[in-house]
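Asker: One structure follows; several queries about it will come next.
There are 2 protein chains.
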Amino acid sequence: MTRKLYDLAAADGTRFSPFCWRAKLALAHKGLDYETIPWRFTDKAAIAASGQDKVPVLVDGANIVSDSQMIADYLERSYPNAPSLYGEPPARALCMFVKSWTEGALHPAIAAVVMPDICERLDPRDQPYFRQTREAMFKRSLEEMAAARPEAEKTLRATLKPLQRLLAGQDFIAGEAPNWADHLVFGALQWARLISAKPLFAPDDLVIAWMGRVLAAYGLEGEEARGA
Amino acid sequence: MTRKLYDLAAADGTRFSPFCWRAKLALAHKGLDYETIPWRFTDKAAIAASGQDKVPVLVDGANIVSDSQMIADYLERSYPNAPSLYGEPPARALCMFVKSWTEGALHPAIAAVVMPDICERLDPRDQPYFRQTREAMFKRSLEEMAAARPEAEKTLRATLKPLQRLLAGQDFIAGEAPNWADHLVFGALQWARLISAKPLFAPDDLVIAWMGRVLAAYGLEGEEARGA
């Protein structure tokens, strides 16, 4: 039975969710086959069996797992003979620092830039849900966010400096090969570049070269553009 | 022969350098005895044998090592039977992410708050050197930095959010016990709290509890106040 991953999709099919990207890279890291099922924000019924209403949701035989970190831990536990997503202790704990930074600094910085772009790319039936939940979350209208984009891009560039500094000295966040730490940050930047209406990174940015290395490590070259 | 560490000191003897603190915690982690030699910014001659003009400088028998990361790597290589500062790969590479964040985000955020406070605490003969080099570095006078302190404190609080988020879920950055990743961040926050003219953290802040755990892990309780 093929593994299935419910994967957030824009109206044109672009898979832009940072959390789904991490899960897909974790599956690739483990060398596991899967197929994705495009999912819209309002398709809550399709994933009801997971006991919650967000993607990614992984269906692996009888197991249904949601939340990208739970999926990573599930894969690590269930496929111990495949390459480890973390490495020996204390590597998993250190990955959690990367996760906290990704979710506490990088995601908010990206969100402030691309929220209005996301809304325009969604299936029309998703747009009212998205607008309502995101405007409540950010306490601003999407139009106000769009007007503040230049300032938000400046903050994003500042936020990325520690990552660029790191990548000047090593190929991957985890060193010589990517692991879950790379997946976490890649998910964020893949989300940013797939959904932004304007290019966010210069082609020669260190993070762009690193994203290429991450994809190449899993034989996923060519996923830059569409991300399905 | 006793190991010696040249350690930056304020006029009253307070040891506030983030880079020296990391080196001291690394020595404690390895269980190595050492004595510190208080050093002032203008004591360039005292460390000339290290081939450069900054502390920390470790003198370990015939070996003279400068730069905190070089000291950590030297200790790891020279004392392989003492507890590892990093752990198995990919942990060292992941520590480098913590280092990039510490130096690329946290240090600048702290510096913007405490630069004027540092100057006032230095030995009078160090003050002109400090003022000149730091005003050139930040492209602002110390008085302008002091006036912008409220905004700088706000930025520092935002910068610390990913760390607080992490420490809500685990005892140390490296998980169950501190390693070099903890030393890097501890050095930064110890610098901040020892040198700030006003308290920067609430006593119940998660980072304060974590700093206490780091010191306790090495039997260094009581080092909060003075830091010698």
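As you go down the protein sequences, you meet chains A and B in turn.
Sequential numbering of the first sequence, starting at 27, is according to the working numbering.
Sequential numbering of the second sequence, starting at 27, is according to the working numbering.
We treat Cβ as the ideally placed atom computed from N, Cα and C, and that holds for glycine.
(1) CA-CA distance, B:G130 and A:S43?
(2) May I ask you to report which of helix, strand or coil DSSP gives A:S43?
(3) What residues match up with B:G201 in a beta bridge as DSSP calls it?
(4) Answer with yes or no whether the minimum CB distance from B:M122 to chain A is below 9 Å.
(5) Measure the Cβ-Cβ separation of B:L84 and B:D208 and say whether it is below 9 Å.
(6) In angstroms with no decimal places, state the Cα-to-Cα distance between B:G113 and A:A200.
(7) Let me know the alpha helix (DSSP H) ranges lying completely inside the region 153-187 of chain A, each 4 residues or longer, listed in chain order.
(8) Look up A:Y32 in the DSSP assignment and say whether it is helix, strand or coil.
(9) Find the residues of chain A that neighbour B:E114, judging by a C-beta separation of less than 7 Å, and give them in chain order.
(10) Do we get a CB-CB distance below 9 Å when we pair A:F198 with the residues of chain B?
(11) Does DSSP classify B:P134 as helix, strand or coil?
(12) Assuming contact is defined by CB atoms lying nearer than 9 Å, are A:A119 and B:F198 in contact in what I supplied?
(13) Between B:L34 and B:D86, what straight-line distance do the alpha-carbon atoms span, to the nearest angstrom?
(14) Going by DSSP, which residues form a beta bridge with B:I63?
(15) If I measure Cβ to Cβ from A:V139 and keep anything under 8 Å in the same chain, skipping five residues before and after, which residues do I get?
(16) For A:V85, which three-state DSSP category applies?
(17) For a test of the three-state rule: what should DSSP assign to B:S76, helix, strand or coil?
(18) Please confirm whether A:P188 has its beta-carbon closer than 9 Å to some beta-carbon of chain B.
(19) Taking only beta-carbon atoms, is B:G201 less than 9 Å away from chain A?
(20) Ignore the nearest five residues each way along the sequence and tell me which others in A:A243's own chain have a CB closer than 7 Å to its CB.
Answerer: Once the coordinates are examined:
(1) As a working mapping, residue 130 of chain B is identified with position 104 in the second sequence. As a working mapping, residue 43 of chain A is identified with position 17 in the first sequence. Answer to the nearest angstrom: the Cα atoms are 27 Å apart.
(2) By 1-based counting over the first sequence, the position of residue 43 of chain A is 17. It is coil, neither helix nor strand.
(3) Locating residue 201 of chain B in the second sequence gives position 175, counting from the first residue. Paired residues: B:F198.
(4) The count along the second sequence starts at 1 and reaches residue 122 of chain B at position 96. A Cβ of chain A is located within less than 9 Å of the beta carbon of B:M122.
(5) In the second sequence, the residue the question calls residue 84 of chain B occupies position 58. In the second sequence, the residue the question calls residue 208 of chain B occupies position 182. No, they are not a contact pair.
(6) Against the second sequence, residue 113 of chain B aligns to sequence position 87. Against the first sequence, residue 200 of chain A aligns to sequence position 174. Roughly 13 Å separates the two Cα atoms.
(7) 153-164 and 168-173
(8) One-based indexing of the first sequence puts residue 32 of chain A at position 6. Reduced to three states, the DSSP call for A:Y32 is strand.
(9) Taking the first residue of the second sequence as position 1, residue 114 of chain B is located at position 88. Here the neighbours are G113 and E114.
(10) If you number the first sequence from 1, residue 198 of chain A lands on position 172. Taking Cβ atoms only, chain B reaches closer than 9 Å to A:F198, which makes this a yes.
(11) Working through the second sequence from its first residue, we reach residue 134 of chain B at position 108. In this structure, B:P134 counts as helix in the three-state DSSP scheme.
(12) Residue numbering aside, residue 119 of chain A sits at position 93 when the first sequence is read from its first letter. Residue numbering aside, residue 198 of chain B sits at position 172 when the second sequence is read from its first letter. Closer than 9 Å, so yes.
(13) As a first step, residue 34 of chain B must be located in the second sequence, where it is residue number 8. As a first step, residue 86 of chain B must be located in the second sequence, where it is residue number 60. One C-alpha to the other measures close to 18 Å.
(14) Working through the second sequence from its first residue, we reach residue 63 of chain B at position 37. B:I63 is bridged to B:Y32.
(15) For this step, residue 139 of chain A is matched to residue 113 along the first sequence. These residues qualify, in order along the chain: R175, A178, E179, L182, A218, S222 and L226.
(16) Within the first sequence, the letter at position 59 stands for residue 85 of chain A. Three-state DSSP puts A:V85 in a strand.
(17) Along the second sequence, one-based indexing puts residue 76 of chain B at 50. B:S76: helix per DSSP, three-state reduction.
(18) Working through the first sequence from its first residue, we reach residue 188 of chain A at position 162. True, the Cβ-Cβ gap to chain B drops below 9 Å.
(19) On the second sequence, residue 201 of chain B is found 175 positions in, with the first residue counted as 1. For B:G201, the nearest beta carbon of chain A is closer than 9 Å to its own beta carbon.
(20) Position 217 of the first sequence, counting from 1, holds the residue named residue 243 of chain A. A203 and P204.
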